[in-house]
Amino acid sequence: MKKIQILFFLLLFCSFLFGQDSLKITDMDYTSYGQNLYWRALNLSEKKVFLHAYLYRTYEIQCHLEESKKEKKYSDQFKKKFTDPLFDMFSGMDETKKEEFIYWIDVFYQNDFNREKPFLDALIYAAGKHETKKRTLLDIFKEVYE
C-alpha cells in the first residue's frame, strides 16, 4: 500500500511538471485581442468615431515615419502596406456605406477565430465584403476561374 501511495504522489508531482506548458503569446496578440474587445463594447456612433480615430492615427504614424531620420526607411513600406489601402477603403464613403462597413467588421469579430487578428484584417475583410456586394456571384466566379 505504501508503494502505491508513493507511486501516486510521484505521478501527481510529475503531471504538474509536464502539464504546465507556457503559451507563446506576443504583444501583437494582446493588442489585437484588446482591439476586438474594445470594438465589441462600442455602439454604432462610437464605432464611427473609432474608425475616424484609427484613420487619423495611421496618418500620424505615416507623418512621423516620414519626418524621422532613423525610421524614414520604413515609411515607404508602411505607406504601401497600411496607409494607402486604408485610405483607399475610406475614400468617398458616405454615412450609409460606413454603417454597412461597420456591420461587416462586426461580422468579422463575431467569429471567435478572428479575435486575435489585428483590426486591419477586419478592415480588409469588411472592404472585401463591401466591394463584392456590387458584383454578382457569377461575376466573382468568372473573375476567379477565367
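Quick note: to get this note's numbering, add 15 to the position in the sequence shown (first position is 1).
Even glycine gets a Cβ: it sits at the ideal position worked out from N, Cα and C.
Source: prediction; values computed, not measured.
At least 3 beta-carbon pairs within less than 8 Å: the stretch 110-118 vs the stretch 131-148: Yes, the stretch 110-118 touches the stretch 131-148.
Collapsed DSSP secondary structure at G107 in the structure displayed: Coil.
Cα-Cα separation, A137 to F123: Looking at the two C-alpha atoms, the distance is approximately 6 Å.
Pick from M104, Q20 and K112 that is closest to I139, judged by C-alpha positions: If we check each option's Cα against that of I139, M104 comes out closest.
Nonlocal neighbours in the same chain, by C-beta distance under 8 Å from T46, ignoring five residues either side: Residues P133 of the same chain have their beta carbon placed closer than 8 Å to that of T46, with the five preceding and five following residues left out of the count.
Option in F128, S60, R130 and Y69 with minimal Cα separation from F97: Nearest neighbour of F97 by Cα position, chosen from F128, S60, R130 and Y69, turns out to be Y69.
Where K62 falls, given that 16 or more other Cβ within 10 Å makes a residue buried: Classification of K62: buried, given that the 10 Å Cβ count is 16 or more.
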